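Here full-length UniProt numbering is used: the first residue of the sequence shown is 1, the next is one more, and so on. Taking it in order: structure first as structure tokens, then the write-up.
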Amino acid sequence: MSALAGKRILLIIGGGIAAYKCLDLIRRLKERGAGVTPVMTRAAAEFVTPLSVGALAANRVYSDLFDREDEQDVGHIRLAREHGLVVVAPATADRMARLAGGLAEDLAGAILLATRAPVLMAPAMNPAMWEHPATRRNLARLGEDGVRFVGPGTGEMAEKGEAGVGRMAEPLEIVAAAEAILSPKERPLAGLSAVVTSGPTHEPIDPVRYIANRSSGRQGHAIAAALRDAGADVTLVSGPVTLPDPQGVSVRHVETAAEMLSAVEASLPADIAVFVAAVADWRVAAESLRKIKKTAEGPPSLALAENPDILATIGHHAKRPGLVVGFAAETDDLLANARNKLERKGADAILANDVSPEGGVMGGSDNTIRLVTADGVEEWPKLAKDAAAGRLAGWIAARLGRSVRK
Ligand SMILES: Cc1cc2nc3c(=O)[nH]c(=O)nc-3n(C[C@H](O)[C@H](O)[C@H](O)COP(=O)(O)O)c2cc1C
Numbered sequence: 001m002s003a004l005a006g007k008r009i010l011l012i013i014g015g016g017i018a019a020y021k022c023l024d025l026i027r028r029l030k031e032r033g034a035g036v037t038p039v040m041t042r043a044a045a046e047f048v049t050p051l052s053v054g055a056l057a058a059n060r061v062y063s064d065l066f067d068r069e070d071e072q073d074v075g076h077i078r079l080a081r082e083h084g085l086v087v088v089a090p091a092t093a094d095r096m097a098r099l100a101g102g103l104a105e106d107l108a109g110a111i112l113l114a115t116r117a118p119v120l121m122a123p124a125m126n127p128a129m130w131e132h133p134a135t136r137r138n139l140a141r142l143g144e145d146g147v148r149f150v151g152p153g154t155g156e157m158a159e160k161g162e163a164g165v166g167r168m169a170e171p172l173e174i175v176a177a178a179e180a181i182l183s184p185k186e187r188p189l190a191g192l193s194a195v196v197t198s199g200p201t202h203e204p205i206d207p208v209r210y211i212a213n214r215s216s217g218r219q220g221h222a223i224a225a226a227l228r229d230a231g232a233d234v235t236l237v238s239g240p241v242t243l244p245d246p247q248g249v250s251v252r253h254v255e256t257a258a259e260m261l262s263a264v265e266a267s268l269p270a271d272i273a274v275f276v277a278a279v280a281d282w283r284v285a286a287e288s289l290r291k292i293k294k295t296a297e298g299p300p301s302l303a304l305a306e307n308p309d310i311l312a313t314i315g316h317h318a319k320r321p322g323l324v325v326g327f328a329a330e331t332d333d334l335l336a337n338a339r340n341k342l343e344r345k346g347a348d349a350i351l352a353n354d355v356s357p358e359g360g361v362m363g364g365s366d367n368t369i370r371l372v373t374a375d376g377v378e379e380w381p382k383l384a385k386d387a388a389a390g391r392l393a394g395w396i397a398a399r400l401g402r403s404v405r406k
């Protein structure tokens, strides 16, 4: 049975040549048992008629935000809420820009802002429009906001002699993407709580200066998202990063190592702890409350004090989570250091990664990890940080005896 059976899908049809494919899309969705509510933009009605859309959907076609009858009960909010998935096909460059900018001047825009359902966009446009920096920006922004995309593909354009990326995904590809979104997910960590740290810490020298490191938070944030996807209730304690907060995760923002430790302790008890943050080992012993001035006596000397060791503290804590995982960012003697940390810090596993500058791990998008436990070492291939996070979530589930159903 299709994951679409019995689901209500709101289909926003945009004003592009590919709008004609929506007639087939409606048919395919209905064949799989979905109910389809069509919303047509003003431009869409220039390409396909509401009559054929409504007849195929066997449903009323909505198009006007200011419809007196429909809006008696604020119909656009009702439409936004009553559906399990919103599909936008074709998603024009203009529609992507409007949603990226949070605009809601027509019915489609108002629904897209008001809905809490997943949104799947099937972009279709001329290759030059698709490649335009503005469209690239909007695509990235929408991705950060949680919008999913299918296509576009490569092929002949309606414009004579033009070909390239911009062709709308075929109706069956859109159906498959919708099914993937609506399929029940494996949630092996459902019912468990996790605390994850991410990013660098900033240790103040004076009100304007601080000691920091190159951690971007990408790996930690990806792990928080992967544990969330696996069903865990996740608290992410993040140092200063430029990444957006992952959705569906409770985020505590901190600056210093001491604040990070307090926030972690405040999130206990937890079943799982994964310490990914690059916590400064030292802070300035006596932070100056005023900006340190240049003087004739030469540069100031900074006395350092040791920061709390978050992994070791939690690894030996009265409220120690059942599973404690740490990261060891090393430039030398990777494995020996990781094995040593495992015992000393009371961790169940250390993910050792080589952060020598030539590897580009700190701040980069990939990671090559060795997972060190009391049982031995597992060498993972070089993986994108998202993929490494997914693999770790799978390892945690298996370790806790919550293997994924086959
Ligand atoms: C003949 C024609 C074809 C068009 N095809 C596309 C297209 O494929 N993709 C696109 O992004 N815009 C296309 N446009 C421009 C959109 O119709 C226009 O940007 C409109 O404002 C989109 O509004 P909507 O997203 O609310 O439907 C086309 C315009 C015309 C006149």
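For each residue, glycine too, the CB sits at the ideal point set by N, CA and C. All of these numbers come straight from a predicted model, not from anything done at the bench.
What does DSSP give as the partner residue(s) for residue i in the beta ladder?
i    : result
A280 : Answer is none; A280 lacks a bridge partner.
A18  : DSSP output for A18 lists no bridge partner at all.
T49  : Answer is none; T49 lacks a bridge partner.
L85  : I9
V249 : Answer is none; V249 lacks a bridge partner.
R167 : G153
F275 : T197 and G326
T235 : V195 and S250
M121 : V88 and F149
Are there any heavy atoms of ligand 1 lying less than 7 angstroms away from the beta-carbon of residue i, as far as the coordinates show?
i    : result
I9   : no
D94  : yes
P90  : yes
G153 : no
M129 : yes
I17  : yes
G14  : yes
M121 : no
A110 : no
A104 : no
M260 : no
By Cβ distance below 7 angstroms, which residues in the same chain neighbour residue i in space, the five residues on each side in sequence not counted?
i    : result
V251 : L236, S238 and D245
E144 : P244
L139 : M96
I223 : V196, V274, V276, A389 and L392
A110 : L65, H76 and A104
G6   : G33
A232 : L189, L192, S193, A194 and I272
Spatial neighbours of residue i within its chain, please: C-beta separation below 8 angstroms, excluding the five flanking residues on both sides.
i    : result
H317 : E265 and L268
I9   : L29, A34, G35, V36, T37, H83, G84, L85, V86, V87 and A178
D206 : E287, S288, L289, R290, K291 and I292
Determine the burial state of residue i: buried for a count of at least 16 other Cβ atoms within 10 Å of its Cβ, exposed for fewer.
i    : result
P188 : buried
P133 : exposed
K319 : exposed
K406 : Low confidence applies here, because K406 scores a pLDDT of 37, under 50, leaving its location unreliable and the question unanswered by this model.
S198 : buried
R218 : buried
M1   : exposed
E203 : buried
R214 : exposed
Tell me which same chain residues have a C-beta within less than 6 angstroms of the C-beta of residue i, skipping the five on either side of it?
i    : result
R95  : G14
P300 : I292
V119 : V86 and V147
A263 : V237, R252 and V254
Compare the C-alpha of residue i against each of the options and name the closest.
i    : options                   : result
R290 : G322, A263, V208 and A312 : V208
R315 : G376, A97, V241 and K345  : First, the residue type needs correcting, since residue 315 is Gly and not Arg in the sequence shown. If we check each option's Cα against that of G315, K345 comes out closest.
G16  : V48, L400, L25 and A225   : V48
A226 : R391, E71 and I12         : R391
P90  : S365, A100 and I174       : I174
A305 : I396, A257 and A347       : A257
L302 : T313, A312 and A285       : A285
R136 : R167, A100 and V377       : A100
R60  : I12, R98, A18 and P299    : I12
L172 : R98, A122, A43 and Y210   : A122
G376 : R339, L56, G394 and E162  : R339
A347 : T331, D354, A374 and N353 : A374
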